[in-house]
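I have placed the structure first, in the form of structure tokens, so that the comments after it can refer back to it.
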Ligand SMILES: CC(C)(COP(=O)(O)OP(=O)(O)OC[C@H]1O[C@@H](n2cnc3c(N)ncnc32)[C@H](O)[C@@H]1OP(=O)(O)O)[C@@H](O)C(=O)NCCC(=O)NCCS
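Residue numbers (the working numbering): 18 to 392.
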């Protein structure tokens, strides 16, 4: 059998027209455009159009997409099911359950027809955003917040979470984090979604698999672990102590390292670092000097381990500065990534070949079953 690469490291497992991580040039390409440029200048509906329609939308299409996402309603029973779950259940598990339940309200839930999937993707992105925005409200027994068509998608999304008026700068920072998380080639969750889609299973099953994958701390769960670490550390000196102790115990420091970037800074992290600095400058730092804290951690990890921040390291303090509850950090990653995931599922269904790899057997052979009398 062919060579085996643990974790499929560096193995090409799909061909795609969606995105490419050009590590050498510190660039992420999404359908020909630079993701960094999109983070700087585009709105989230542009990126949804680019991923789902396969081209940047014109002004009219952008408006249509935005309205479709905002007006997508979440069926009442989905919130009722969420309300019945234990609030102690992890928010990603509640999200996974809601996504499964959502299938029951889509008469075409089981289709694997890429044209139909493309048509319903914007609505699904809107429904996922509204479910995520309401996860904490419903768990606390509060009524779900609905989106309004006179606010942008990003403003609706942020306001629904924090339930207060927000500044244009806060909305923009939130939207930039959405775009930064929107698509990133073939991470574990996207691969999981494509593997499920390759059986000609549907959007709901494939997305549910992606939620399960993204929950893990080695993947999307890292953003929550980052803020927990920063809050525990409180000061730059405290963070240095904490990181040194963890490294001495051979623990991983969340928010650092990346299977593809490993010894370089994730270019999205660099951009979110700038977003954080601007946000903190405008809002004040409060008790926690997030910028100084993150900077110290970054410097220490560079000198001690030659490891660099990934997106989660800087998205987490941005979310914190916006006042977003920690339990929503990983669900937000999923909501933003739903556009990229849907694009990959649709692409898989267009050019499908069932994923069915082989395993190298390391167990014994030649054992025999002995018939024993039962006493
Ligand atoms: C993302 C991640 C899973 C990639 O891991 P990977 O490709 O499997 O890399 P490896 O486990 O082979 O790591 C290579 C070396 O770097 C070390 N390393 C990698 N990430 C590390 C981290 N965050 N903290 C401390 N050491 C780390 C490993 O211990 C290993 O060291 P060794 O060769 O001395 O054993 C890993 O960097 C990690 O666990 N990061 C923290 C979680 C995180 O932020 N995830 C979000 C990713 S976007």
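For every residue, glycine included, the Cβ atom is placed at its ideal position computed from N, Cα and C.
Can you tell me whether residue 265 sits near ligand 1, meaning its C-beta is under 7 angstroms from at least one heavy atom of the ligand? no
In the DSSP assignment, find the unbroken beta strand (DSSP E) run with residue 36 in it and report its ends. 36-39
Run through the stretch 193-229 for me and flag every whole alpha helix (DSSP H) of 4 or more residues, listed as ranges in chain order. 205-214
Whose C-alpha, out of 38, 178, 29 and 55, is nearest the C-alpha of residue 352? 178
Closest to residue 228 by CA distance: which of 209, 256, 219 and 39 is it? 209
One or two residues paired with residue 326 in a DSSP bridge: 273
Hey, how far is the Cα of residue 153 from the Cα of residue 216? 34 angstroms
Which complete alpha helix (DSSP H) runs does the stretch 230-290 hold, if anything under 4 residues is left out? 239-250 and 253-265
From residue 169 to residue 306, what does the alpha carbon distance come to, in whole angstroms? 30 angstroms
Taking 7 angstroms as the line, does the beta carbon of residue 27 fall inside it for any heavy atom of ligand 1? no
Leaving out the 5 sequence neighbours to the left and right, which residues in its chain are closer than 7 angstroms to residue 100 when beta-carbon positions are compared? 155
As a quick exercise: from 29, 238, 56 and 102, pick the residue whose alpha carbon is nearest that of residue 291. 56
So, using beta-carbon positions, are residue 194 and residue 213 closer together than 8 angstroms? no
Would you say the beta carbon of residue 314 comes nearer than 7 angstroms to a heavy atom of ligand 1? no
What is the residue span of the alpha helix (DSSP H) that residue 132 lies within? 131-156
Identity of the residues DSSP links to residue 65 by a beta bridge: In the DSSP output, where bridge partners are listed per residue, residue 65 has none listed.
Can you name, in chain order, every residue of its own chain whose Cβ lies under 8 angstroms from the Cβ of residue 366, other than the five neighbours on each side? 129, 130, 131, 134, 214 and 217
Of all the options 40, 339, 241 and 26, which has the alpha carbon lying nearest to the alpha carbon of residue 348? 241
Give me the Cβ distance between residue 278 and residue 28, rounded to the nearest whole Å; I'm assuming they're in contact under 8 angstroms. Wrong, their Cβ atoms sit about 17 angstroms apart, outside the cutoff.
State the DSSP-derived secondary structure class of residue 96, mapped to helix, strand or coil. helix
Residue 232 Cβ short of 7 angstroms to ligand 1 heavy atom set: no
Please return the same chain residues whose Cβ sits closer than 6 angstroms to the Cβ of residue 22, not counting the five positions on each side in sequence. 28
Start and end of the alpha helix (DSSP H) containing residue 44? From DSSP, residue 44 is part of no alpha helix (DSSP H) but of the beta strand (DSSP E) over 44-47.
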